[in-house]
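343 is the number that our numbering gives the last residue of the sequence shown; the numbers go up by one with no jumps.
Every residue gets a Cβ at the ideal spot worked out from N, C-alpha and C, and that includes glycine.
The block underneath contains the structure these notes are about, expressed in structure tokens.
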Amino acid sequence: MAEPSASQRSPVFTVGLTGGIASGKSAVSDRFGALGVPIIDTDLIAREVVEPGHPVLGEVVAAFGPEVLDDEGRLQRRKLREIIFSDPEKQDLLEGILHPAIRAIVRQRVAEVVAPYCMVVIPLLVESGHFDWLNRVLVVDVPTEVQIERLVQRDDVTPEQAQDALSAQASRGERLSIADDVIDNSGDIAGLDGEVRRLHAAYLELAEG
135 MAEPSASQRS PVFTVGLTGG IASGKSAVSD RFGALGVPII DTDLIAREVV
185 EPGHPVLGEV VAAFGPEVLD DEGRLQRRKL REIIFSDPEK QDLLEGILHP
235 AIRAIVRQRV AEVVAPYCMV VIPLLVESGH FDWLNRVLVV DVPTEVQIER
285 LVQRDDVTPE QAQDALSAQA SRGERLSIAD DVIDNSGDIA GLDGEVRRLH
335 AAYLELAEG
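Printed below as a string of structure tokens:
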């Protein structure tokens, strides 16, 4: 990954964590978090911005209609998914509402970090293309067959459905092409713990430098 320019650079050393579906991103981020690293998760922020009372939810309702809300005024995610999956233009519309808000919150929270470095979990980092201010990118990698096996077990889907889920994301090669660091998460827990500790030490050194 190219080094961010001075105007782009985050006020604190920031590592972007990404990986394909069922690669084990949460297992990795949880371990960094246990070492005291502040974790900013874009998936969690995406849920926050559509909570009742948030202005972003109002924008979603204005764009897609009140039928996307339940009787308590909460977003019906399944209903919204049905709408955007049947119309790519609607998906672009939704992303145009959500993504800028999510990115703004990420930058705000990074700016508030008081630690040598922080980690931003961005599952769709390759697809988004809006995080060129990151200092480093860490990719959690597993072979495609491992992803399919995990998805079948985790989500109770067929291998064909699991493959469709993988095909909807960036390819393994595309993710690896932007990686500064890679964790192979196809092994055992002890190996994962060791890799996280090794990278944590490296990031602390980079942050101090």
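Bounds of the beta strand (DSSP E) holding residue 254 are 251-255.
Annotation: residue 188 to residue 175 spans about 18 Å, alpha carbon to alpha carbon. Cα atoms of residue 200 and residue 184: separation of roughly 13 Å, rounded to the nearest angstrom. Beyond the five residues adjoining it in sequence on each side, residue 218 comes within less than 7 Å, by CB distance, of 224, 225 and 228 in the same chain, given in chain order. In the structure shown, the three-state DSSP call for residue 155 is coil. When the alpha-carbon of residue 279 is set against those of 296, 260 and 266, the nearest one is in 296. Of the candidates 302, 166 and 299, the residue whose Cα lies closest to the Cα of residue 253 is 166. If you draw a straight line from the Cα of residue 209 to the Cα of residue 215, it comes to about 11 Å. Assignment of beta-bridge partners to residue 316 by DSSP yields 273. With fewer than 16 other CB atoms across the displayed protein chains lying within 10 angstroms of its CB, residue 242 is exposed. Proximity of the region 268-278 to the region 307-319 meets the contact definition, three or more beta-carbon pairs being nearer than 8 Å. For residue 310, DSSP records no beta bridge to any residue. Closest in C-alpha terms to residue 334, from the list 171, 220 and 234, comes 171. Within a 10 Å sphere around the beta-carbon of residue 202 sit 16 or more other beta-carbons, which makes this residue buried. Residue 287 sits away from residue 154, with the two beta carbons spaced by 8 Å or more.
Proximity to residue 341 across 256, 251, 310 and 220 peaks at 251, based on C-alpha coordinates. In the DSSP annotation of this structure, the continuous segment of the alpha helix (DSSP H) that includes residue 177 starts and ends at 176-182. Residue 301 is classed as exposed because its beta carbon has fewer than 16 other beta carbons within 10 Å across all chains shown.
DSSP links residue 147 through a beta bridge to 251.
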